[in-house]
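*Asks:* Numbering follows this note's numbering, in which position 135 of the sequence shown is assigned residue number 202; successive positions increment by one, without gaps. We put the beta carbon where it would ideally sit given N, CA and C, even for glycine. Dumping the structure here so I can ask a few things about it.
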Amino acid sequence: MLDSFHAQGFFIMGGFSLPGVGQQMLDEVIGVVREADESGITPAGMFIAPESQGNLSGTHPEDTVSKVFTLHDRPEFSSFLCDERIAGILRDLIGPDVDCFLSQFIFKNPGAWGQPWHQDSFYFPFDPPRPIVGLWLAVTEATMENGCLHILSGSHTEPVHEHVPDRRPNANQGYMEIVDHDMSDRQAVRMAPGDLLVFDSHLMHCSTDNVSEGIRAAMVFHCCAAGTVDLGFEQFDGFKSPLHRFNPLLRDGQLVG
């Protein structure tokens, strides 16, 4: 797995968790959405991002949600990280002292657009800038029809490319895209519920539109070395992302809490 990560920028652990683990996360995050006010901020300080293209409708609040952020304080999500298999991966890829700084649940409801080609490190103006590792858990099946991820193997060796705002009218807030790179060698990442994708923050990836009748849900955590400093305030004209919440995960190689 480590050889694959260093050569390709990712690896997949099939059947990492039972499908019921993801279903519990989905149930919990639906409750989070339903307790939020109109601002999209929940009583516990989580952030809800709506779909912006305006063609979605549904009976429940979660039917038009794109993502829910900063969930890794909640037991249903932090407990997933407190797994010795996760600890082993992060010790090998980051080191003995690791923080989880970002978490997001992705709904990808029927009709939702995909996210264009990007590198996650574009959103992470950190010192040191690397290593940063993403943990992408398939909550539902990820297929070509419901908008699975596509990746460009080996692109983690590239620097962070220029990103421009998503050029589609009514694109989701914050969506950026890479337009200066050939993506013809892309490969689709089909996944079953419980599969785990582990990937480098420089890996170029995107997702496609959900043209199915069902949700394509996933839970994603991002981890970095303890002591990493968020320089967003300096780099983004005084704006520091409220989504970055650094929680200790490993200290001296051991799981915290």
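Where in the region 114–200 do unbroken runs of the alpha helix (DSSP H), each at least 4 residues long, occur, reported from the N-terminal end onward?
*Replies:* Counting whole runs of 4 or more residues, the region 114–200 contains the alpha helix (DSSP H) stretches 142–148, 151–160.
*Asks:* Ignoring anything shorter than 3 residues, give me the beta strand (DSSP E) runs that lie fully in the region 250–285, in order along the chain.
*Replies:* Runs found: 254–256, 263–267, 272–274.
*Asks:* For a quick check, are the C-beta atoms of F114 and P309 less than 8 Å apart?
*Replies:* Yes, they are a contact pair.
*Asks:* Between the C-alpha atoms of A331 and G98, what's the straight-line distance to the nearest angstrom?
*Replies:* This structure does not reach residue 331, given that the chain is present from 68 up to 324, and the question cannot be answered.
*Asks:* Does the pairing of the region 147–159 with the region 178–192 give three or more beta-carbon distances under 8 Å?
*Replies:* With the cut-off at 8 Å, the region 147–159 and the region 178–192 do not touch.
*Asks:* By the three-class DSSP mapping on this structure, what secondary structure does H289 have?
*Replies:* Residue state, collapsed to three classes: strand.
*Asks:* For T100, which residues from the same chain have a beta carbon less than 7 Å from its beta carbon, with the 5 sequence-adjacent residues on both sides left out?
*Replies:* A quick correction: the sequence has Val, not Thr, at residue 100. Same-chain partners within the cutoff: I115, P128, E129, V132, V135.
*Asks:* For Q75, which of helix, strand or coil comes out of DSSP?
*Replies:* Q75 falls in the helix class under three-state DSSP.
*Asks:* Straight-line CA distance for G125 to E208?
*Replies:* Roughly 21 Å between the two C-alpha positions.
*Asks:* Got a sec? Which residues, its chain only, sit under 7 Å from E212 by beta carbon, not counting five neighbours each side?
*Replies:* The answer, listed in chain order, is V278, S279.
*Asks:* Where does the unbroken alpha helix (DSSP H) through L317 begin, and where does it stop?
*Replies:* Segment 314–318 is the beta strand (DSSP E) holding L317; no alpha helix (DSSP H) there.
*Asks:* Taking the alpha-carbon positions, what's the T137 to V231 distance?
*Replies:* T137 and V231: Cα-Cα distance of roughly 25 Å.
*Asks:* Suppose contacts are defined by Cβ-Cβ distances below 8 Å. Is D94 in contact with C291 by that definition?
*Replies:* No, the pair does not count as a contact, with Cβ atoms beyond the cut-off.
*Asks:* Would you kindly check if the distance between the Cβ of M258 and the Cβ of W184 is under 8 Å?
*Replies:* Contact flag unset, no.
*Asks:* Using a 10 Å radius around the Cβ and a threshold of 16 neighbouring Cβ atoms, would you call E229 buried or exposed?
*Replies:* By the neighbour-count rule (16 or more Cβ atoms within 10 Å), E229 is not buried but exposed.
*Asks:* Across which residues does DSSP place D297 in a beta bridge pair?
*Replies:* Looking at the DSSP assignment, D297 forms a beta bridge with F193.
*Asks:* Expressed to the nearest angstrom, what Euclidean distance is found between the alpha-carbon atoms of L123 and G178?
*Replies:* L123 and G178: Cα-Cα distance of roughly 7 Å.
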